[in-house]
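A.B. asks:
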Amino acid sequence: MTMLAPSQTGPNGRLARDQIEAVVRAVLARRLAGESSAGLQRSVTPGPTKPNLVVNISARHCHLTQKTVDRLFGPGYQLTKMRSLYQETDFAANETVAIVGPRRRVIPDLRILGPCRDFDQVELALTDAISLGLEIPVRLSGDIEGTPGALLVGPKGSVELEKGVIRAERHVHMNPDHAAYYGVKPLDRMNLRVYGRCPTTLEGVLVRVNPAWKLEVHIDTDEANACDLTRADKVELVKP
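Shown next as structure tokens:
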């Protein structure tokens with residue numbers, strides 16, 4: 001997290017947009033020069049069960065349209081793959097952007113996930129949003145009407161999103177065979193039990209079904225830290 005210094009404000013105590021972008025690009029340049037390939041997601045798998053369940057921690061990231069990528073990185077720019085995600089239709093891109101919130105604070109390393117979509121969406125943990133000064137709702141991916149926006153800054157330009165910043169609702173990806181095994185259907189709710197040093201049950205995990213999907217639960221970094229997921233002994237998905 002980066003804070004814009006008071007000395008960088010104008011006579012009325014507020015930053016002009018071009019000043020914000022200049023500061024953010026300077027931060028981006030430093031980050032890109034020494035950026036590590038730290039992972040977007042970490043996972044915990046349970047003991048021997050059928051089917052095999054994976055729980056991944058989804059760190060803050062964004063999904064962008066090609067039009068927005070063009071404005072942030074230059075006309076015709078194509079995202080480059082850093083690695084495939086567990087759901088192999090998606091990938092973590094090498095590219096990141098900065099997001100600027102109302103508190104003049106900046107997160108300079110918001111990872112882009114590809115491929116491009118037909119809408120812009122930013123997914124943050126609650127602590128990220130609080131730091132930026134944003135009040136974000138818990139929403140299913142794609143349900144962005146009535147959500148707040150934010151300023152995104154890239155190497156070649158900026159985009160002021162009018163909407164699209166959410167906290168992603170905890171959910172499970174599964175295919176029809178998994179749904180039959182658990183006896184659930186799309187938009188049902190399940191509970192995720194985490195066994196370990198911080199035993200926890202995360203309720204209301206939303207079921208999403210697609211023939212191409214592997215069995216995978218997504219929770220955000222706040223939820224994962226609360227239950228110490230990376231040190232968990234076992235995870236279990238159950239009907240309430």
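So the sequence shown is numbered by full-length UniProt numbering: it starts at 1 and just counts up by one. Using N, Cα and C, we set each Cβ at its ideal position, and we do this for glycine too.
Which same chain residues, not among the five before or five after residue 118, have their C-beta less than 8 Å away from its C-beta?
C.D. replies: Excluding the 5 residues flanking it on each side, residue 118 has same chain C-beta neighbours closer than 8 Å at 65, in chain order.
A.B. asks: If residue 254 sits next to residue 172, beta carbons under 8 Å apart, how far is it from one beta carbon to the other, in whole angstroms?
C.D. replies: Nothing about residue 254 can be read from this structure; the chain reaches only from 1 to 240.
A.B. asks: Going by C-alpha distance, which of 99, 73, 78, 80 is nearest residue 62?
C.D. replies: 99
A.B. asks: Measure the C-alpha to C-alpha separation of residue 150 and residue 50 and round it to an integer number of angstroms.
C.D. replies: 42 Å
A.B. asks: Assuming residue 234 is part of the alpha helix (DSSP H), what are its boundary residues?
C.D. replies: Taken as a continuous stretch (DSSP letters only), residue 234 belongs to no alpha helix (DSSP H), being part of the beta strand (DSSP E) at 234–238.
A.B. asks: Rounded to whole angstroms, what is the Cα-Cα separation between residue 59 and residue 145?
C.D. replies: 22 Å
A.B. asks: Which value, in whole angstroms, describes the spacing of the CA atoms of residue 113 and residue 188?
C.D. replies: 26 Å
A.B. asks: Looking at the structure shown, is residue 216 part of a helix, part of a strand, or coil, going by DSSP?
C.D. replies: strand
A.B. asks: With 16 other CB atoms within 10 Å as the buried threshold, where does residue 148 fall?
C.D. replies: buried
A.B. asks: Specify, as a first and last residue, the run of the beta strand (DSSP E) that residue 109 falls within.
C.D. replies: 105–114
A.B. asks: If you draw a straight line from the C-alpha of residue 222 to the C-alpha of residue 128, how long is it?
C.D. replies: 9 Å
A.B. asks: Relative to the C-alpha of residue 174, which candidate in 228, 91, 110, 207 has its C-alpha closest?
C.D. replies: 207
A.B. asks: When the Cα atoms are used, what is the spatial distance from residue 166 to residue 78?
C.D. replies: Pairing residue 166 with residue 78, the inter-Cα distance amounts to about 25 Å.
A.B. asks: Does the separation of the CB atoms of residue 92 and residue 80 fall below 8 Å?
C.D. replies: no
A.B. asks: Does the separation of the CB atoms of residue 105 and residue 133 fall below 8 Å?
C.D. replies: Between residue 105 and residue 133, the gap from beta carbon to beta carbon is short of 8 Å.
A.B. asks: Skipping 5 residues on each side, what residues in its chain have a beta carbon closer than 7 Å to that of residue 239?
C.D. replies: 182, 183, 184, 190
A.B. asks: DSSP on residue 130, reduced to helix/strand/coil?
C.D. replies: In the three-state reduction of the DSSP assignment, residue 130 falls in the helix class.
A.B. asks: Looking at the unbroken alpha helix (DSSP H) that takes in residue 224, where does it start and where does it end?
C.D. replies: 221–226
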